[in-house]
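As structure tokens, the structure follows; a few thoughts come after it.
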Amino acid sequence: MTEDRPAFEGYVSHPSLGDEAVPGRLTFAFFRLRFESEAATVEMPVSRLLIDKGEGRDELIYFSDPEQPGWSISTYDTNILNHALLHQQPHTLRQIRAMYSGRELSGRVKATFGVLIGFVLAAFIVWMLMGLMVRAVVAHVPAEWERELGDSVVAELKERETFTNDVALKAKLDLAVAPLLQVLPKNGTEYKFYIIENEMPNAFALPGGHVMVHDSLIRLADRPEELAGVIAHEVAHVTEKHAYRKLISEAGPYLVVRLFLGGGRGTVGLLGGSSQLLVQQSFSQEYELEADAVGFNYLVKAHIDPRGLADMLKKLEAAYGGFGFSQFHMGAFSSHPATAKRLQRLDAKWRRLKDKTHFITYDQPGSGT
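Just so we're on the same page, this note's numbering is the position in the sequence shown counted from 1, plus 15.
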């Protein structure tokens, strides 16, 4: 039988040769794998060869002989696995097939994982771009249109709700919000506060600077900081334009892109027919967390202890325990999504706050009242 005698670059290792593998050449001769170098010559019968593949960065192919412990022959040249002698022996052929099968499976797993990662990254990028485009679109909503919308909703509320001018409640509300009003974004907005008689503690802000507060909420607050915390949260929903962003996002990617490329033209037309939805919808957890964060920052800027927001959130959760949340539509606190998570986020913001001392004391003259 005539055998091919191609040579492959390879290595041999053995404790007697030191820590480094010795380079040399590999050939097949007389049904043996032969390694030759100036330092060593090793032969292993093909009938006893064990073949293994390195893991990770080690791409070497290893050959060993159970009857020659400690000796290992290796090569980077995968062409050696195509040698006829290895394919003529059933046990070496099985090892080669198993090796290629495992490599193919690993490749498929890596390819699938890569595709999934690609989809996730693409989805994240699209989500980010959509968010940026929605923000750009709502930025074109005219302030005058917002004021007119707010005025119209207030007029409708006055027809079906009972507004009160209770002096004590108004004084308590004015005291709490006076420092906050100094730091809220103006943009030509004049904030107006209304007290509505309602046994369910709640508050909500409308476009144009209108803030509705239930009398039961004012009574529920033991400290001005708690009331200021709720107001800061509700106003943040308006300053961040959550209602507009939600409605435009729900219109679908095609319309969002169309409005964005059109410089916001048509935005008012899209929102105009949804005036009630703008003030009666509950918000997603994303918007609630954002309103918490923005409201927290407003409180800190106004030198109001921001822990009042978390304290009132706990009270509202307890107060709503006797009611079905589905009854309420206005205001962020009506839906209470993931209250524990919101409290956790607020606590984390408090722990990261560097200055925890320079807060106003409401009962002292000149405190911003």
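Note that CB positions come from ideal geometry on N, CA and C, so glycine has one too.
**Q.** Rounded Cβ spacing between residue 242 and residue 191 (contact assumed at less than 8 angstroms)
**A.** Translated into positions along the sequence shown, residue 242 becomes position 227. Translated into positions along the sequence shown, residue 191 becomes position 176. So it is a contact: roughly 4 angstroms between Cβ atoms.
Q: Rank 215, 333, 200, 173 by C-alpha distance to the C-alpha of residue 252 and give the top, closest one.
A: Residue 252 sits at position 237 when you count from the first residue of the sequence shown. The residue with the shortest Cα to Cα distance from residue 252 is 200.
Q.
Given this structure, state the Cα-to-Cα distance separating residue 240 from residue 136, to the nearest angstrom.
A. The residue you call residue 240 lines up with position 225 of the sequence shown. The residue you call residue 136 lines up with position 121 of the sequence shown. Taking the straight line joining both Cα atoms gives about 42 angstroms.
Q: Thinking residue 223 and residue 164 are a contact (beta carbons under 8 angstroms), I'd like their distance in whole angstroms, please.
A: By 1-based counting over the sequence shown, the position of residue 223 is 208. By 1-based counting over the sequence shown, the position of residue 164 is 149. Right, their Cβ atoms sit about 7 angstroms apart.
(Q) Out of 248, 302, 326, 177, which one is the CA nearest neighbour of residue 311? (A) For the purposes of this step, residue 311 is taken as the residue at position 296 of the sequence shown. Of the candidates 248, 302, 326, 177, the one whose C-alpha sits nearest the C-alpha of residue 311 is 248.
Q: May I ask which residues mark the beginning and end of the beta strand (DSSP E) holding residue 67?
A: Along the sequence shown, one-based indexing puts residue 67 at 52. First-last of the beta strand (DSSP E) with residue 67: 65-68.
Q. Would you say residue 60 touches the ligand FMN, meaning its beta carbon is less than 6 angstroms from a heavy atom?
A. By its list of ligands, the structure shown contains no ligand whatsoever, and the ligand FMN lies outside what it can speak to.
**Q.** Whole-angstrom C-beta distance between residue 41 and residue 22, which should lie under 8 angstroms
**A.** On the sequence shown, residue 22 is found 7 positions in, with the first residue counted as 1. On the sequence shown, residue 41 is found 26 positions in, with the first residue counted as 1. Rounded, the Cβ-Cβ distance is 7 angstroms, consistent with contact.
Q: Taking the CB atoms as reference points, tell me whether residue 174 and residue 211 lie closer together than 7 angstroms.
A: Translated into positions along the sequence shown, residue 174 becomes position 159. Translated into positions along the sequence shown, residue 211 becomes position 196. Against a cut-off of 7 angstroms, the Cβ pair of residue 211 and residue 174 comes out as no contact.
Q. From residue 326 to residue 182, what does the alpha carbon distance come to, in whole angstroms?
A. Counting from one through the sequence shown, the residue named residue 326 turns up at place 311. Counting from one through the sequence shown, the residue named residue 182 turns up at place 167. Those two C-alpha atoms are separated by around 25 angstroms.
Q: Could you tell me if residue 342 is buried or exposed, where buried requires 16 or more neighbouring beta carbons within 10 angstroms of its beta carbon?
A: Reading the sequence shown from its first residue, position 327 is the one you call residue 342. With a pLDDT of only 35 at residue 342, under 50, the local geometry of the prediction cannot be trusted, and the value read off the model is given with reservation. In this structure residue 342 is exposed. Its beta-carbon is surrounded by fewer than 16 other beta-carbon atoms within 10 angstroms.
Q: Indicate whether residue 65 and residue 79 have their beta-carbon atoms separated by less than 7 angstroms.
A: Residue numbering aside, residue 65 sits at position 50 when the sequence shown is read from its first letter. Residue numbering aside, residue 79 sits at position 64 when the sequence shown is read from its first letter. Yes; because the gap between Cβ atoms is below 7 angstroms, this pair is in contact.
Q | Check whether residue 334 and residue 216 have beta carbons under 7 angstroms apart | A | Mapped onto the sequence shown, residue 334 falls at position 319. Mapped onto the sequence shown, residue 216 falls at position 201. Between residue 334 and residue 216, the CB-CB gap stays under 7 angstroms.
Q: Throw me the rounded Cβ distance for the residue 101 and residue 107 pair, which I believe falls under 8 angstroms.
A: The residue labelled residue 101 in the question sits at position 86 within the sequence shown. The residue labelled residue 107 in the question sits at position 92 within the sequence shown. Between residue 107 and residue 101 the Cβ distance is about 5 angstroms, and since that is below 8 angstroms, they are a contact.
Q. Which ranges does the alpha helix (DSSP H) cover as unbroken runs of at least 4 residues, wholly within the region 289-334, from first to last along the chain?
A. Counting whole runs of 4 or more residues, the region 289-334 contains the alpha helix (DSSP H) stretches 290-295, 300-316, 322-334.
Q: For the beta strand (DSSP E) holding residue 388, just list the boundary residues, first then last.
A: Nothing about residue 388 can be reported from this structure: the residues present for the chain run from 16 to 384 only.
Q) Tell me which same chain residues have a C-beta within less than 8 angstroms of the C-beta of residue 205, skipping the five on either side of it? A) Start at 1 with the first residue of the sequence shown, and residue 205 comes out as number 190. Correct list, in chain order: 224.
Q. Under 7 angstroms between the Cβ atoms of residue 233 and residue 184?
A. Walking along the sequence shown from the start, residue 233 turns up at place 218. Walking along the sequence shown from the start, residue 184 turns up at place 169. Yes; because the gap between Cβ atoms is below 7 angstroms, this pair is in contact.
Q: Please report how far the alpha carbon of residue 58 lies from the alpha carbon of residue 112, in whole angstroms.
A: Here residue 58 refers to the residue found at position 43 when the sequence shown is read from its first residue. Here residue 112 refers to the residue found at position 97 when the sequence shown is read from its first residue. Straight-line Cα distance between these residues: approximately 24 angstroms.
Q | residue 25 - containing beta strand (DSSP E), residue span | A | Along the sequence shown, read from residue 1 onward, the residue named residue 25 stands at position 10. Residues 23-28.
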